[in-house]
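Visitor: Right, I'll just put the structure down here and ask away after.
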Amino acid sequence: MMHSCVTIALVPQIKSGPWIFWEDLEASMAQASRLGFDAIELFTEDAKSIDKGLLEGLLSKYSLKLAAVGSGAGKVIQGLTLTDPNPEIRTKAIHFIQSMMDFGAHFGAVTIIGSMQGNALPDRREESLMHLQEALEYLGKHAEKLGVPLIYEPLNRYETNLFNTLGAGKAFVEGLSTRHIKLLADLFHMNIEEIDIAQSILENGPWIGHVHLADSNRRPMGMGHTSMKEIAAALQQINYQGAISAEAFPWPNPLEAAEQTIKTYQQYFKK
Numbered sequence: 349m350m351h352s353c354v355t356i357a358l359v360p361q362i363k364s365g366p367w368i369f370w371e372d373l374e375a376s377m378a379q380a381s382r383l384g385f386d387a388i389e390l391f392t393e394d395a396k397s398i399d400k401g402l403l404e405g406l407l408s409k410y411s412l413k414l415a416a417v418g419s420g421a422g423k424v425i426q427g428l429t430l431t432d433p434n435p436e437i438r439t440k441a442i443h444f445i446q447s448m449m450d451f452g453a454h455f456g457a458v459t460i461i462g463s464m465q466g467n468a469l470p471d472r473r474e475e476s477l478m479h480l481q482e483a484l485e486y487l488g489k490h491a492e493k494l495g496v497p498l499i500y501e502p503l504n505r506y507e508t509n510l511f512n513t514l515g516a517g518k519a520f521v522e523g524l525s526t527r528h529i530k531l532l533a534d535l536f537h538m539n540i541e542e543i544d545i546a547q548s549i550l551e552n553g554p555w556i557g558h559v560h561l562a563d564s565n566r567r568p569m570g571m572g573h574t575s576m577k578e579i580a581a582a583l584q585q586i587n588y589q590g591a592i593s594a595e596a597f598p599w600p601n602p603l604e605a606a607e608q609t610i611k612t613y614q615q616y617f618k619k
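Quick note: the sequence shown uses this note's numbering, first residue 349, plus one each step.
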């Protein structure tokens, strides 16, 4: 069964980003629980910034699951990417993601590689892809040990020049020896890059391990021009069983953004 999920960011440096709730972990979880969300997706500075025991207690208190953790702070705060030409930086990036995987797996949550994938250098694309391949092979083996898949996110062309569509991401991941990496279907990025979002979901269904819910303008779904009916039908057709997680701007404010998100989830997935 698909489950509703809302994002909570605890990193001041990314406060302008597309996350529904901010700063106060318990207050955000209380709101999420009150509105009827099943799970949360967390963005933290690193794997040690939240005590596991504290988080376990809050998840239990508010009857929520931890669905995913983001790794973007590794780039925003520390400047780490998996395709940096400096091998020391690449190694640090791998270790940062690995530590996030360890943290997330404790709760059965996936870890997302988005901005930390980096970019291919001009005229050195093959070299950059080789670095990405080496990193994902290593991290995929670690995901196998943890028993929780790693999530790779194709981003739009303005955020990376690596892979911008689900099909391109699948072709690369499918060529790896590891089978423990899945793709993130982010509806905002897909609105920019895909010819047909629903068709792309149908074509790449077995590889989808996480979904980000946001409208064409990255506001909560229902506040732009994305047609959700066909997308929801495609997710149901592929028997997607993961989180539908709201990674959207908190517009016009966090509470109303969360209310709009759960309304959309209930409209399309709670039938």
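Quick reminder that beta carbons are idealized off the backbone N, C-alpha and C, glycines included.
Can you list, in chain order, the residues of its chain with a C-beta nearer than 7 Å to that of THR574? Leave out the 5 residues immediately preceding and following it.
Guide: Cβ neighbours of THR574 beyond the five flanking positions: LEU535, ASN539, ASP563, SER564.
Visitor: When the Cβ atoms of the stretch 352 to 362 are set against those of the stretch 578 to 595, are three or more pairs found closer than 8 Å?
Guide: Enough Cβ pairs lie closer than 8 Å, so yes.
Visitor: Buried or exposed for PRO435, please, with buried defined as at least 16 other CB atoms from any protein chain shown within 10 angstroms of its CB.
Guide: Exposed, because fewer than 16 other Cβ atoms sit within 10 Å of the Cβ of PRO435.
Visitor: Does the Cβ-Cβ distance between ILE549 and LEU583 come in under 8 Å?
Guide: Contact: yes.
Visitor: Should the stretch 459 to 478 be regarded as contacting the stretch 441 to 451, the criterion being three or more beta carbon pairs within less than 8 Å?
Guide: At 8 Å Cβ cutoff, the stretches touch.
Visitor: Using 8 Å as the threshold, is the stretch 600 to 610 in touch with the stretch 404 to 423, meaning 3 or more CB pairs across them?
Guide: Output reads no: the stretch 404 to 423 does not touch the stretch 600 to 610.
Visitor: DSSP has THR459 in a bridge; who is on the other side?
Guide: Bridge partners of THR459: VAL417, LEU498.
Visitor: Could you give the distance in angstroms between the alpha-carbon of GLU389 and the alpha-carbon of LEU407?
Guide: Taking the straight line from one Cα to the other gives about 12 Å.
Visitor: Output needed for THR609: all residues of its chain with C-beta closer than 6 Å, excluding positions within five of it in sequence on either side, in chain order.
Guide: Excluding sequence neighbours, THR609 sits near PRO568, ALA594.
Visitor: Give me the Cα-Cα distance between SER381 and GLU475, rounded to the nearest whole angstrom.
Guide: Going by the C-alpha atoms only, they are around 46 Å apart.
Visitor: Expressed to the nearest angstrom, what Euclidean distance is found between the alpha-carbon atoms of GLY553 and LEU358?
Guide: Computed Cα separation, rounded: 31 Å.
Visitor: Measuring straight from C-alpha to C-alpha, what distance separates ALA519 and LYS413?
Guide: So the two alpha carbons sit approximately 31 Å from each other.
Visitor: Confirm, please, whether the CB-CB distance from ILE442 to ALA483 is below 8 Å.
Guide: The answer is yes: Cβ separation under 8 Å.
Visitor: Strictly by DSSP, which residues pair up with VAL559?
Guide: VAL559 is bridged to ALA533, ILE592.
Visitor: Check the C-beta distance from ASN467 over to LEU428 and give it rounded, since I have them as a contact under 8 Å.
Guide: Contact flag wrong, Cβ pair sits at about 13 Å.
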